[in-house]
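In this note's numbering, the protein residues as written are 1 to 468. Every residue gets a Cβ at the ideal spot worked out from N, C-alpha and C, and that includes glycine.
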Amino acid sequence: MRKFLILFICLLSSIVQTIASERCSDEVFLRRAYLTVTGALPQVWECKNFLDSENPKKREALVNKLIKSELGLKYMQMHWGDILRIKSEFPSNLWPNGVQAYNRWVYEQLMNNVPYDKMVRNLLISEGSNFRAPAANFYRGFQKRTPENFYANINLLFLGNRNCTDNGYLCFSQIKFKSTKEWKEEIIYLNYHKDLPWHIIELEDGTRIKLTPDSDWREPYVDWLVKNRRFAEVMVNRMWFWVFGKGLVHEPDDWRADNKPSNPELLKELTDYFIAKKFDMRALLKKILLSKEFNSKAAPEGTYQPQRLPAEVIVDNIATATGKWATYMSRVPEPFTFYPPKTRATHLGDATVSSSELELFGKVSRDVSLESQRNNALTSKQLLYLMNSSELERSIRKSPVLKNLLKKYSDLSQLADAITMRVLARRATANEISMYNEYMRENKLSLNEFAYDLMWILINSNEFLYNH
1 MRKFLILFIC LLSSIVQTIA SERCSDEVFL RRAYLTVTGA LPQVWECKNF LDSENPKKRE
61 ALVNKLIKSE LGLKYMQMHW GDILRIKSEF PSNLWPNGVQ AYNRWVYEQL MNNVPYDKMV
121 RNLLISEGSN FRAPAANFYR GFQKRTPENF YANINLLFLG NRNCTDNGYL CFSQIKFKST
181 KEWKEEIIYL NYHKDLPWHI IELEDGTRIK LTPDSDWREP YVDWLVKNRR FAEVMVNRMW
241 FWVFGKGLVH EPDDWRADNK PSNPELLKEL TDYFIAKKFD MRALLKKILL SKEFNSKAAP
301 EGTYQPQRLP AEVIVDNIAT ATGKWATYMS RVPEPFTFYP PKTRATHLGD ATVSSSELEL
361 FGKVSRDVSL ESQRNNALTS KQLLYLMNSS ELERSIRKSP VLKNLLKKYS DLSQLADAIT
421 MRVLARRATA NEISMYNEYM RENKLSLNEF AYDLMWILIN SNEFLYNH
């Protein structure tokens, strides 16, 4: 019977999508926006407030709220942490103190809405203690601390260039490291007395940079970088990728002459907008979220392509649905890190900290700066876990959420509506309620047994696993 009910719900969801208008419903937009911007489901009261609102601009108001919210900032911090490889242990070896400082720096840049060009400048011109000047951790997180390796990573991150062949790496050849007496503290500093074989550096596009004695050679390169149109294009494309799961140039960090954008006109329009807005990342994100592409119903009837949720989001959403949260700790010494109860996986900030569930669903290792390191494919092992895991079953059976809902509702339709709102961020449809009544009668279930079955089934549904 459970298999029958899952199939019925999947078919019902497809029917609802088919009869929807070209613009996605408010229920779909609410869930889609929350998952995209915050990596979390809206709370029940937020669902009701949004769905009951008659404000014609409520979608814009929601977007404005989400991109400035704590959850939104922390989720954007996770995206940046992935590509900056923020990790305590191998291969970055930043150690917990460095990870905490680096994450805080990223968070503050986002919280203060520092323009993208200034944020990158702050990152690349950094120096000082890895604990007290957190951006300097950028230069510490490499196995090979060579100018060539620094330069290759900078080209990959900010120009989408995987194969840079010019000698711009010399701009980063002054960087030095020295230890202090504090555990795992390092000072990143510049050797201003270093000799150069060349004083004129020619970059791939023909730009010539002059390096002068007694100056920071990184500065003229960064001046050139942030004025380069490709610099803006790559960030626009990366933001598009973070929203839709596929870049206009794909992979988003593989810009080549034979890897053209799928929609060059759209890329140009968004890049012009981003530059005109003085590299305001919030403004760019808002424009994308209010676009007709993001507001469209899901394919094949619309243009929006459903995406399987990231590992951290799936684990967090199961915890939100059941009320049973995982506990996290880092075993990296000096200091051991114990995370507070109900810490979200999206807020861990350290790729060294993980769990078997996160690994199962494809958590990023942060070993490289490539977006493709995250694997959001739905696998048979993941489906087997969702359908057969005794741990998941215990979480549902002992769910404080279900316990409270069963105390509050004695009517099946109200209970089913409350569970659906909690798990899928929408109300149960009349057809679903009718089906649930039939299922309960045929199987002679108590309301408690029905509640356990329904939560298990909804967690196993594509509607739960995908941002649609």
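**E186 and N103 closer than 8 Å at C-beta** = Reading the sequence shown from its first residue, position 186 is the one you call residue 186. Reading the sequence shown from its first residue, position 103 is the one you call residue 103. No, the Cβ-Cβ distance between E186 and N103 is not below 8 Å.
**Request:** List the endpoints of the continuous alpha helix (DSSP H) containing F158.
**Result:** For the purposes of this step, residue 158 is identified with residue 158 of the sequence shown, where counting begins at 1. It spans P147 to L159 - the alpha helix (DSSP H) in which F158 sits, taken as one unbroken run.
**Asked** Rounded to a whole number of angstroms, what is the C-alpha to C-alpha distance between T322 and M111?
**Response** The sequence position of residue 322 within the sequence shown is 322, counting from 1. The sequence position of residue 111 within the sequence shown is 111, counting from 1. Cα to Cα, the separation comes out at about 31 Å.
**Presumed contact (8 Å Cβ cut-off) between S399 and M455, rounded CB distance** = Here residue 399 refers to the residue found at position 399 when the sequence shown is read from its first residue. Here residue 455 refers to the residue found at position 455 when the sequence shown is read from its first residue. With 8 Å as the limit, S399 and M455 qualify as a contact, their Cβ atoms being about 7 Å apart.
**Prompt:** Quick one: what does DSSP say N467 is sitting in, helix, strand or coil?
**Reply:** Position 467 of the sequence shown, counting from 1, holds the residue named residue 467. Here N467 sits in strand by DSSP.
**Request:** State the Cα-Cα distance for the pair S21 and K297, rounded to the nearest angstrom.
**Result:** Counted from its first residue, the sequence shown places residue 21 at position 21. Counted from its first residue, the sequence shown places residue 297 at position 297. The predicted model places S21 with a pLDDT of 47, which falls under 50 and marks its position as unreliable, so this point remains unresolved.
**Assigned exposure category for L405 - 16 Cβ within 10 Å defines buried** = Residue 405 sits at position 405 when you count from the first residue of the sequence shown. The residue in question, L405, is buried, as its Cβ has 16 or more Cβ neighbours within 10 Å.
**Cβ-based neighbour list, G245, same chain, cut-off 6 Å, excluding 5 preceding and 5 following** = Walking along the sequence shown from the start, residue 245 turns up at place 245. Correct list, in chain order: Q307.
**Asked** K176 bridges to which residues according to DSSP?
**Response** In the sequence shown, residue 176 corresponds to position 176, counting from 1. Y189, per the DSSP bridge assignment.
**Item:** Enclosing alpha helix (DSSP H) for I288 [first to last residue]
**Value:** Here residue 288 is taken as the residue at index 288 of the sequence shown, counted from 1. Note, I288: alpha helix (DSSP H), M281 to L289.
**Request:** Give the single residue among V234, F294 and P252 whose Cα lies nearest to the Cα of N467.
**Result:** Along the sequence shown, one-based indexing puts residue 467 at 467. It is F294 whose Cα lies nearest to the Cα of N467.
**Message:** Applying the 10 Å Cβ sphere with the 16-neighbour rule, what's the burial state of S215?
**Reply:** The residue you call residue 215 lines up with position 215 of the sequence shown. Flag for S215 reads exposed.
**Prompt:** Given a threshold of 16 other Cβ atoms within 10 Å of its Cβ, counted over all protein chains shown, does D453 qualify as buried or as exposed?
**Reply:** In the sequence shown, counting from the first residue as 1, residue 453 sits at position 453. That one is buried.
**Request:** Answer with buried or exposed for G206, where buried requires no fewer than 16 other C-beta atoms within 10 angstroms of its C-beta.
**Result:** As a working note, residue 206 is residue 206 in the sequence shown. Its Cβ having fewer than 16 others within 10 Å, G206 is exposed.
**Prompt:** What's the call for H347, buried or exposed, on a 16-neighbour Cβ count within 10 Å?
**Reply:** As a working note, residue 347 is residue 347 in the sequence shown. It is buried - the Cβ of H347 has at least 16 other Cβ atoms within 10 Å.
**Item:** Inter-residue Cα distance where the pair is F231 and E449
**Value:** Numbered from 1 along the sequence shown, position 231 holds the residue referred to as residue 231. Numbered from 1 along the sequence shown, position 449 holds the residue referred to as residue 449. If you take the alpha carbons of F231 and E449, they lie about 56 Å apart.
**Message:** Can you list, in chain order, the residues of its chain with a C-beta nearer than 7 Å to that of V120? Leave out the 5 residues immediately preceding and following it.
**Reply:** Locating residue 120 in the sequence shown gives position 120, where the first residue counts as 1. Setting aside the 5 residues that flank it on each side, V120 is surrounded in the same chain by F158 and V226, each with a C-beta closer than 7 Å to its C-beta; the list follows chain order.
**Buried or exposed (CB count within 10 angstroms, at least 16 for buried), R344** = Your numbering for residue 344 matches position 344 in the sequence shown. Buried, by the Cβ-count rule.
**Endpoints, alpha helix (DSSP H) assigned at I433** = Position 433 of the sequence shown, counted from the first residue, corresponds to residue 433. That run of the alpha helix (DSSP H) goes A430 to N443.
**Message:** Count Cβ pairs between the region 299–316 and the region 49–68 that sit closer than 8 Å; are there 3 or more?
**Reply:** no
**Prompt:** Among A430, P300 and W240, which residue has its Cα nearest to the Cα of I474?
**Reply:** Beyond the ends of the chain as shown, which are 1 and 468, falls residue 474; an answer cannot be given.
**Message:** Quick check: the region 76–86 against the region 352–368, are at least 3 beta-carbon pairs closer than 8 Å?
**Reply:** Note that the region 352–368 touches the region 76–86; at least 3 beta-carbon pairs, one per stretch, sit closer than 8 Å.
**Asked** Below 8 Å between beta carbons: does that hold for D254 and G168?
**Response** The residue you call residue 254 lines up with position 254 of the sequence shown. The residue you call residue 168 lines up with position 168 of the sequence shown. In this structure, G168 does not lie closer than 8 Å to D254 by Cβ.
**Prompt:** Can you name, in chain order, every residue of its own chain whose Cβ lies under 8 Å from the Cβ of P42, other than the five neighbours on each side?
**Reply:** In the sequence shown, the residue the question calls residue 42 occupies position 42. The answer, listed in chain order, is L30, R31, Y34, F50 and A425.
**Prompt:** To the nearest angstrom, how far is it from the Cα of N375 to the Cα of M435?
**Reply:** Position 375 of the sequence shown holds residue 375. Position 435 of the sequence shown holds residue 435. For N375 and M435, the distance between alpha carbons rounds to 35 Å.
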